[in-house]
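So in numbering that gives the first Met the number 0, spot 29 of the sequence shown is number 28, and the numbers just go up one at a time. Backbone N, C-alpha and C define an ideal beta-carbon position, used for all residues, glycine too. Accompanying notes for the structure given below.
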Amino acid sequence: MALEHAILVSLLEQPGSGYELARRFDRSIGRFWTATHQQIYRTLKRMESDGWATAEEIDQEGRPDKRRYSVTAAGRAVLTDWLREPVQPETVRHELAVKVRGAAFDDRTGHAALIAEVERYRADHEVTLGRYLAGERRDFPDAGELDTGRRLQHVVLRGGIAYERMVLAWLDDVLDTLRGLGR
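See below:
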């Protein structure tokens with residue numbers, strides 16, 4: 000998937016400026032596809048020149064004007080074509096998993112350092128899960144009353160919640176295993 004596809008989806012959900020889009024990435028789409036603000040702005044310019052998006056100048060009092068982007072028919076066609084392409088299996092590259100396997104070739108001092116790293120990594124995932132759960136409470140308080148688009152957004156968020164819970168369970172298993180090696 001290219002960043003363009005994630006931007007097309009976000010703009011179809013709600014047109015907006017580059018700044019607004021970057022904030023949405025930070026709050027929601029960024030759960031599954033990350034991009035810097037510079038990447039988003041660069042991609043928006045390219046999408047506009049390719050005819051996939053159009054921008055409307057919006058006057059703002061006391062602030063610089065902003066450009067509000069929306070998807071063109073050509074952009075929608077690109078997204079539709081992409082939606083119909085098969086999804087390629089993702090290759091998992093997980094540095095922590097390699098370090099855990101490599102712990103067999105380190106001494107107990109290294110195990111202590113690895114335990115500390117797994118604990119730090121686990122804390123990061125605990126924070127992410129907390130953000131996802133807070134977002135679910137905030138954005139989907141009554142899941143039974145959602146339109147199609149919101150139901151699809153919610154199912155993706157639920158996937159992120161399930162993923163974080165799975166990672167936390169695995170990290171707990173890793174910690175138990177590493178701590179058991181010292182006995």
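Roughly how many whole angstroms lie between the Cα atoms of T90 and R136?
-> For T90 and R136, the distance between alpha carbons rounds to 32 Å.
Kindly identify the DSSP beta-bridge partner or partners of G15.
-> Looking at the DSSP output, G15 bridges to Y68.
Residue of R164, T42, L20 and A111 minimising C-alpha distance to V126 | Of R164, T42, L20 and A111, the residue nearest in Cα terms is R164.
In chain order, which beta strand (DSSP E) runs of at least 3 residues are fully inside the segment 85-145?
-> Runs of the beta strand (DSSP E) inside the segment 85-145: none found.
The beta strand (DSSP E) enclosing A52, as first and last residue numbers | For A52, the enclosing beta strand (DSSP E) has its first and last residue at A52 to I57.
Below 8 Å on the Cβ atoms is my guess for E84 versus R67; work out the distance and round it to an integer in Å.
-> The beta-carbon separation of E84 and R67, rounded to 29 Å, does not stay under the 8 Å limit for a contact.
Excluding the five sequence neighbours on either side, which residues of its own chain have a C-beta within less than 7 Å of the C-beta of A73, listed in chain order?
-> Residues G50 and W51 of the same chain have their beta carbon placed closer than 7 Å to that of A73, with the five preceding and five following residues left out of the count.
Given L78, which residues of its chain have a CB within under 8 Å of its CB, disregarding the five upstream and five downstream residues?
-> The beta carbon of L78 lies closer than 8 Å to those of H4, L7, V8, L11 and V70 in the same chain, with the five residues before and after it left out.
Nearest to L170 by CA position, among G143, I114 and H153, is which residue?
-> For the residues G143, I114 and H153, the minimum Cα distance to L170 belongs to I114.
Note down the Cα distance separating G101 from L43, rounded to an integer number of angstroms.
-> Roughly 42 Å between the two C-alpha positions.
Note down the Cα distance separating A161 from D146, rounded to an integer number of angstroms.
-> Counting only the Cα atoms, D146 lies some 22 Å from A161.
Beta-carbon of E135 versus every beta-carbon of chain B: anything under 8 Å?
-> You won't find chain B in this structure, because it holds only one protein chain.
With 16 other Cβ atoms within 10 Å as the buried cut-off, status of A96 = Exposed is the call here.
Locate the alpha helix (DSSP H) running through D49, then write down its first and last residues.
-> No alpha helix (DSSP H) contains D49, which DSSP labels as neither H nor E.
Alpha carbon of D105 to alpha carbon of V154, nearest angstrom | Rounded to whole angstroms, D105 to V154 spans 42 Å at the Cα level.
Length of the line joining the Cα atoms of L177 and R119 | Roughly 15 Å between the two C-alpha positions.
Please list, in chain order, all residues of the same chain as R75 whose beta carbon is under 8 Å from its beta carbon, the five residues on each side excluded.
-> Within the same chain, Cβ atoms closer than 8 Å to the Cβ of R75 are found at L7 and L11, the five residues on either side in sequence being excluded.
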